[in-house]
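**Q**
In my numbering, the protein residues as written are 1 to 524.
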């Protein structure tokens, strides 16, 4: 049963950051006896969890490549079988309006609270599709075979997001195995199109709103700023993609016989793209691009300062020659609070080894714009189209069309119940250090879609360090894979406590033949 937000959440404690930014979050807590047993079980079954990661990563479920659709379907089949095995009910592979299905499962028999209060329902989100692996030659290990070395798992999707969704699944399974029940009701929604901007997710949510009704959502997609310090995300940028096409003739032409007297689409394209940024301030020059952008607040600036971003260290880590961005904003302010216009692909003429002396008939570019509140994908697309139409020379034909579904920016209320529970877990996992409040320049389309279509807020609860995701040699710190499972097991209990429905007596003991918990888990 879906419950309204509780008026009172958790006892206020003395940690200044938590008491100031999340007045309902507690700095410390004592896990229940059932949770102790669940955590112990998670430790015992770690080999099984490694095998799951290897099995799931082995599917090359690249949503951007149509010929990989059979692999996406196979991954969905594997997940559905694994949800069933874990004890989830009403498991199914549900169609969308596109080729990539959603895997669904639920468990809705959590015990009521001491006063008969119905437990909340938590929608757990993740995605099983991954990015392409090119350039393949830069991988040091096979991308679809998990290799564990030097304390890391390597492979495409180990972090984004196959490892993340498995952490949530393993935690739910351990609760059911150990106690026969869960502290809260759960519904899993695992999609196969996040890496192509979830073009059919909104319509899927609209068509299945009753099935997916919940009080809140937790996202297994996401990451942490450091292994020893957690972070709570207050927002993500949205995105809109576009394809810019320039045509200057009906055929390719000899660059000597015709060159100098005919238009070159590469030159037209380069001028159009260069003209979209001011060469001095690096501000975007597309007319009206910033019209709906909200100014930063003083709290926003405090969050940026508290994060302690080291711009010089990033230059060294990434091999950058310097940071370039909109004047008047720091690197982190640009990423968290300002929109972008990036050229992410270009094509025109001969691009193979050597040279072909031809003037091409057409050239194209792919553009990605990251959006901030209150920008919308459609409005920005229309402004890009107007800009191209205005600046296209008479001797060329220029067109700009949408590429992908687009996604709205997402923000998370600072005082949400799930954020308070997550803050408790992060603080416990970090030995008493409260989490940082941050925003992320990336995009997870589902989170804004949940707000719009299901009217629920989402808390990001991923536990990877986002190391080389989308790049060769993606990796996941083994300790974070373990920590993520324990964190997911813990937050299920903390949410039940927060809603006032956790009754320790409702949870059974370990099945016969199982070892009892060997000790307290004061350090989660």
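Backbone N, C-alpha and C fix where the C-beta goes; we use that ideal spot for every residue, glycine too.
Just so it is clear, the structure is predicted and the values come from calculations on it, not from any experiment.
Starting from the C-beta of residue 233, find all residues in its chain whose C-beta is less than 7 Å away, skip the five residues before and the five after it, and write them out in chain order.
**A** Once the five neighbours on either side are set aside, the close Cβ partners of residue 233 are 222, 412, 438, 439, 440, 460.
**Q** Leaving out five residues before and five after residue 6 in sequence, what residues of the same chain have Cβ atoms less than 7 Å from its Cβ?
**A** Unreliable positioning characterises residue 6 in this predicted model, as indicated by a pLDDT of 38, which lies under 50. The coordinate reading is nonetheless provided below. Excluding sequence neighbours, residue 6 sits near 417, 498, 499, 500.
**Q** Between the beta-carbon of residue 163 and the beta-carbon of residue 481, is there less than 7 Å?
**A** Their beta carbons are under 7 Å apart, which means residue 163 touches residue 481 by this criterion.
**Q** Confirm, please, whether the CB-CB distance from residue 406 to residue 526 is below 7 Å.
**A** Residue coverage of the chain in this structure runs from 1 to 524, which leaves residue 526 outside it and unanswerable.
**Q** Under the three-state reduction of DSSP, which class applies to residue 488: helix, strand or coil?
**A** It is helical.
**Q** Am I right that residue 224 and residue 488 are in contact with their C-beta atoms under 8 Å? What's the rounded C-beta distance?
**A** So it is not a contact: roughly 13 Å between Cβ atoms.
**Q** Should the region 54–68 be called in touch with the region 464–477, which here means at least 3 C-beta pairs below 8 Å?
**A** Contact between the region 54–68 and the region 464–477 is absent, because fewer than three Cβ pairs lie under 8 Å.
**Q** If you draw a straight line from the C-alpha of residue 312 to the C-alpha of residue 341, how long is it?
**A** Those two C-alpha atoms are separated by around 24 Å.
**Q** In or out: residue 318 buried (at least 16 other Cβ within 10 Å) or exposed?
**A** Exposed, by the Cβ-count rule.
**Q** Is it true that the region 73–84 meets the region 97–106, where meeting means three or more beta-carbon pairs spaced less than 8 Å apart?
**A** Yes, since at least three Cβ pairs between the region 73–84 and the region 97–106 fall closer than 8 Å, the two stretches touch.
**Q** Need the endpoints of the alpha helix (DSSP H) that residue 127 sits in, please.
**A** Per DSSP, residue 127 belongs to no alpha helix (DSSP H); it is in the beta strand (DSSP E), 121–127.
**Q** What are the start and end residues of the beta strand (DSSP E) that includes residue 207?
**A** That residue, residue 207, is in no beta strand (DSSP E); its alpha helix (DSSP H) goes 201–207.
**Q** If you reduce the DSSP assignment to three classes, tell me which class residue 215 lands in.
**A** Note: residue 215 maps to coil in three-state DSSP.
**Q** Is the beta carbon of residue 282 less than 7 Å from the beta carbon of residue 326?
**A** In this structure, residue 326 lies closer than 7 Å to residue 282 by Cβ.
**Q** Would you mind stating whether residue 158 and residue 62 have Cβ atoms separated by less than 7 Å?
**A** Result no, Cβ atoms of residue 158 and residue 62 do not sit closer than 7 Å.
**Q** Identify the continuous alpha helix (DSSP H) that holds residue 177 and give its terminal residues.
**A** Segment 162–179, the alpha helix (DSSP H) holding residue 177.
**Q** For the alpha helix (DSSP H) containing residue 41, name the first residue and the last one.
**A** It spans 33–44 - the alpha helix (DSSP H) in which residue 41 sits, taken as one unbroken run.
**Q** Along the alpha helix (DSSP H) that carries residue 438, what are the first and last residues, could you check?
**A** It is not in any alpha helix (DSSP H) - residue 438 instead sits in the beta strand (DSSP E) that spans 436–440.
**Q** Span of the beta strand (DSSP E) holding residue 458?
**A** Residues 458–460.
**Q** Given residue 177, which residues of its chain have a CB within under 7 Å of its CB, disregarding the five upstream and five downstream residues?
**A** 41, listed in sequence order.
**Q** Just to confirm before moving on: does the CB-CB distance between residue 454 and residue 212 stay below 7 Å?
**A** Against a cut-off of 7 Å, the Cβ pair of residue 212 and residue 454 comes out as a contact.
**Q** Measuring alpha carbon to alpha carbon, tell me which residue in 54, 284, 332, 122 is nearest residue 421.
**A** Checking every option, the nearest Cα to that of residue 421 belongs to 122.
**Q** So, helix, strand or coil for residue 425, using DSSP?
**A** Residue state, collapsed to three classes: helix.
**Q** Terminal residues of the continuous alpha helix (DSSP H) containing residue 290?
**A** Premise fails: residue 290 is in no alpha helix (DSSP H) and is neither H nor E.
**Q** Could you give the uninterrupted runs of the alpha helix (DSSP H) lying entirely in the region 68–133, keeping only those of 4 residues or more?
**A** DSSP runs (the alpha helix (DSSP H)) wholly in the region 68–133: 69–86.
**Q** With H, G and I counted as helix, E and B as strand and the rest as coil, what does DSSP make of residue 444?
**A** In this structure, residue 444 counts as coil in the three-state DSSP scheme.
**Q** Quick one: grab the DSSP three-state call for residue 223.
**A** Residue state, collapsed to three classes: strand.
**Q** If you draw a straight line from the alpha carbon of residue 504 to that of residue 175, how long is it in whole angstroms?
**A** Spanning the two alpha carbons is a distance of roughly 13 Å.
**Q** In terms of alpha-carbon separation, which member of 353, 93, 473, 192 lies closest to residue 583?
**A** Look at the range of the chain in this structure, 1 to 524, and you will see that residue 583 is not part of it.
**Q** Please determine, among 404, 428, 265, 207, the residue with the shortest C-alpha to C-alpha distance to residue 30.
**A** The candidate whose alpha carbon is nearest that of residue 30 is 428.
**Q** Grab me the residues of residue 148's own chain with a C-beta within less than 8 Å of its C-beta, minus the 5 sequence neighbours each way, in chain order.
**A** Counting only Cβ-Cβ distances below 8 Å, and skipping sequence neighbours, we find 50, 154, 478.
**Q** For the pair the region 196–209 and the region 137–152, tell me if three or more CB-CB distances fall below 8 Å.
**A** No: fewer than three Cβ pairs fall under 8 Å.
**Q** Leaving aside the five residues before and after residue 361 along the sequence, list all residues of the same chain whose C-beta is less than 6 Å from its C-beta, in chain order.
**A** Cβ within range, chain order: 249, 251, 252.
**Q** I want to know whether the region 346–364 touches the region 292–309 - three or more CB-CB distances under 8 Å.
**A** Because the criterion of three Cβ pairs below 8 Å is not met, the region 346–364 and the region 292–309 do not touch.
**Q** Can you tell which of 358, 265, 304 has its C-alpha closest to the C-alpha of residue 258?
**A** Residue 358 is the option with its Cα nearest to residue 258.
**Q** For residue 47 and residue 54, what's the separation of their Cα atoms in angstroms?
**A** The straight-line gap from Cα to Cα measures roughly 11 Å.
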